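Below is one structure, written out as structure tokens; the observations come after it.
Protein chains in written order, with full-length UniProt numbering: chain A, 1 to 559; chain B, 1 to 559.
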């Protein structure tokens, strides 16, 4: 291990996950050894029209594929593992993860037909992983909103690089798996050269409450509910699901599980021993209507108001198997992710309209806690690790910035704190760190089966089309004498109701004809000029009449 | 007054503002007298692509135009007066409002060329307005985030109908204008048949803090700021603006005002005496750079992260007159309206990147308070008015529902509480109230100059176009022998990058040709069938290849 060469150096950078929440992917490189931490996806921003998901640009990794020693996973959330099926297609390297994490990954790889060809290596807190000739990784248990989360310590010839993964400090964990404070303290004692730490809740003062608090509230709600309890939460929150099971058990209710990802996670987590469901506790959705209402819990997806999710369908009375009945108690055990507030609000309204009693977050309802540590926990991590250099990661810029201030407050030298953007390299050599340029980094947009075939021009067109629609103008000209043989015909999509706008479209027709005839009488005959002429004249007319700018597509034929 | 006829009855309903936040418009009718309260607009939902604003469907009013006695305005916010320019075009009736409200309305009507033909009648708290032969309105002062807000009591032969407008109880109002508790108590004492009350904050426990609290915080920030202070807030919040002026004065700073609506409101409110700005306090934006940084306040629009607003431009360094400099203090004195969280977050990130210190809401920053009363204030209003019948208005369904529970809690008979949707009539006769059907109600969408010419089909097309774009397929067939004379040519917009998808489009071309030739060989010659054939075959192929469903527009010509 640790063959140190004077010209070798350590570089650390993010390909995703800084300046954003999502598509986490971090790179640690020493000499010819590259280690990747996580490989996540992000859901599209509102201006990425029609896009399904977004993954990081991994050009740097594919260009250096012979150096990539593996992908280490911190935990099984989509923003940390969701990019794997795309990344592994181009980069066949071993994947390291804890049992539950690999369980979730395997499910994904199976769907993508990549399971056979991917080397998966199970790690636990006591594993040591040798990565190339210079790097070695070890792990420490953390608390998060999914079991089996770990932080990673990568030993390099320059010193230790610690990546916290996503974490909180839950002093009363649901599964009895405490964050390993002793291990973290020992790493700090040994010395941390670079710390990369989760900034998600850097804006939140205080301490994030224990997941166990939610269990107490749930049991109370279950007990008081006169009829069925319907509860939606994040499918991956196995701790929460365990508490739903516990509350159901202690209040004599059976559970039916609805929604693809919820069914998946319950199956995988039960199989692997992360979820303890008493025999006979689970019932099929079809059995719900045969049971007394106060003996039933419906556990489902849809806590973000996602249009196709189980809860949304129930709220709209379009679910095939379960209806919401007056008097049912519906719990939405989640906080809306920014951007989803309106969807969640609409679901709540629809549930109330059906006569349900809806319990949702806000006003200290106690039915949700975050999986990320607040300011006091971030400071605790900083003081356990006592890093020389610090990179706040996993957050929007404002969160990174707050996290940097926290690090300053606990004594990290401000000159040793690096708020980076994706691709920005921090280089460490001889105990000194500096910014050292950029590698290629960015968003790769996935639309259907297409990876990266939708870019700015396509998005700009979708944006234009979405605002004012399109007019296709079809005209046939005579080759001989430059008269109009047929048309112009104007076809409108997404612009105006044709029936109510006949006058406008008739006038548009006349303008196209007269523009063409005028241009041709001036001996303008190149199609490009004729098309531009039609576009300009028609665009001007429509803007004057409607203040809209539909896309105009002239199709001029010659016979 | 009060000619009572046994068959006459009172009806109350909303044309906008229930089941939604926005486009407030309420109707009170007795016999042949109709009174409208407010005439607001709403900003489009995220599925209303390309739409600028939304107003209520006023068919009921235009069909009964001879009975409409006037529009009473509670205050000058857009969701209460923004629909007037559209409504008055179709319904020329008198408009009643307080001084500031009418000042803001006049500005709007001037822009719409409606000022001359609109009768505007100034009211104050002591006005009594006779409306037709059966109705009479009086007013009571309330507190809200704009001065000169009033509630309205409409005396009818059946009894008093009270509309609170938007309100909070601010016991230390910035302008010294207290909510008139005595007047409200007297109305309650006289007897309230129907109360319609603001549900915006019905989910919030406790009491909304006084606007004055914000002033204390602002002065403290202004004093400590080493360089310029930039503050964005709602332009209509004249109280907030007054406190910015006060804080600037006491800390020796001058103010420049940026953003069209902010400039407008400052001018109108100053002219009408609602804003007290010391002489020489205001400076032009051009002077900012000549002044010492710690002598300047920039008061601007953009507190919602609106893309074209002053603060957003400054954050992106694209504002013509003011740059954000490192060390500037930027205050965003507002809470993001649901749906705007991401925009606001992005603005904050950009400001931090420029080196500014950004102070924004959350974590008890104290820089914003709501203009709407919380649960304790809603109960106070209910107990002041002691209504027989209660309609929670001005809110999404879940807020109306919470408000109904509050009313029950203070003793309103649950059978006398009506949560209504837009258009749903509550009828009162002989002291008994009941639901009595619906009038036409809905959204009228305004896109550019078009009012109501964009409906579901156009929106559906825009949605489709925004998701996967459009392919236009042009083919010329021979009349004689059914061969393809030219094409197929495929033009793609918003689907894929043409250059990177040549293979796909070539194959698409072949599929169109073979489909057409096959159909024609089977003697299918009607254009409609040929077009459907092309659409189906091409659509199927593209979905298989890309999992996308672009709109396909076949254009088949015959020569």
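For glycine and all other residues, C-beta sits at the position ideal for the given N, C-alpha and C.
Quick caveat, the model's predicted, so the values are computed rather than measured.
For a Cβ distance threshold of 7 Å, residue set 349, 352, 353 of chain A lies close to residue 397(B), ordered along the chain. Taking 9 Å as the Cβ-Cβ cut-off, the region 451 to 477 of chain A approaches chain B at 452, 453, 454, 455, 457, 458, 459, 460, 461, 462, 463, 464, 465, 466, 467, 468, 469, 470, 472, 474, 476, given in chain order.
Per DSSP, the unbroken alpha helix (DSSP H) holding residue 403(A) starts and ends at 397 to 409. In this structure, the CA atom of residue 139(A) is about 34 Å from the CA atom of residue 352(B). Counting only runs of 3 or more residues that sit fully inside the region 12 to 83 of chain A, the beta strand (DSSP E) segments are 25 to 30, 33 to 37, 53 to 56, 68 to 72, in chain order.
For the C-beta of residue 546(A), the chain B residues within less than 7 Å are, from N- to C-terminus, 448, 449, 450. Around residue 345(B), the same chain offers no residue with a beta carbon nearer than 7 Å, after the five sequence neighbours per side are excluded.
The C-alpha of residue 164(A) lies about 11 Å from the C-alpha of residue 372(A). In this structure, residue 244(B) places its C-beta atom within 8 Å of the C-beta atom of residue 299(B). Contact between residue 550(B) and residue 531(B) does not hold, since their C-beta atoms are separated by about 15 Å, which reaches or exceeds 8 Å. Going by C-alpha positions, residue 388(B) is about 15 Å away from residue 154(B). Taking C-beta separations shorter than 8 Å and ignoring five residues to either side along the sequence, the partners of residue 463(B) in its chain run 47, 49, following chain order.
Judged by their CB atoms, residue 100(B) and residue 272(B) are nearer to each other than the 8 Å cut-off. Residue pairing from DSSP leaves residue 93(A) without any beta-bridge partner. Look at the region 98 to 148 of chain A and you find these whole runs of alpha helix (DSSP H), each 4 residues long or longer: 99 to 111. For the pair residue 490(B) and residue 53(B), the CB atoms are not nearer than the 8 Å cut-off. Comparing C-alpha distances from residue 17(A) to each of 552(A), 423(A), 476(A) shows the shortest one belongs to 423(A). With respect to the 8 Å criterion, residue 310(A) and residue 258(A) are classified as neighbours on the basis of their beta carbons. Cβ-Cβ distances below 7 Å link residue 39(B) to 25, 71, 81, 83, 84, 87 in the same chain, with the five nearest sequence neighbours on each side left out; the list follows chain order. Taken in chain order, the complete alpha helix (DSSP H) segments of 4 residues or longer contained in the region 465 to 537 of chain A are 502 to 521. The beta-carbon of residue 551(B) is placed less than 8 Å from the nearest beta-carbon of chain A. Residue 293(A) carries a helical assignment under DSSP once its states are collapsed to helix, strand and coil. Looking at 205(B), 399(B), 360(B), 542(B), the one whose alpha-carbon comes closest to that of residue 448(A) is 542(B). If you draw a straight line from the Cα of residue 477(B) to the Cα of residue 528(B), it comes to about 14 Å. A Cβ of chain A is located within less than 8 Å of the beta carbon of residue 497(B). Not flagged as an interface residue toward chain A: residue 393(B), since no C-beta distance is shorter than 8 Å. DSSP lists 332(B) as the bridge partner or partners of residue 360(B).
In this structure, residue 200(A) sits away from residue 51(A), with a CB-CB distance that is not shorter than 8 Å. Chain-order list of chain B residues neighbouring residue 502(A): empty, with the shortest C-beta distance near 11 Å, by a criterion of under 9 Å. Under the Cβ criterion of 8 Å, residue 381(B) is not counted among the residues facing chain A.
The C-beta of residue 557(A) comes closer than 8 Å to at least one C-beta of chain B. Residue state for residue 251(A) is assigned as coil, using DSSP reduced to three classes.
Boundaries around residue 224(A) are those of the alpha helix (DSSP H), 211 to 224, since no beta strand (DSSP E) includes it. In the three-state reduction of the DSSP assignment, residue 272(A) falls in the coil class, being assigned neither a helical nor a strand state. Nearest to residue 304(A) by alpha-carbon distance, out of 286(A), 279(A), 339(A), 191(A), is 339(A). When C-alpha distances from residue 133(A) are compared across 68(A), 15(A), 434(A), the shortest belongs to 68(A).
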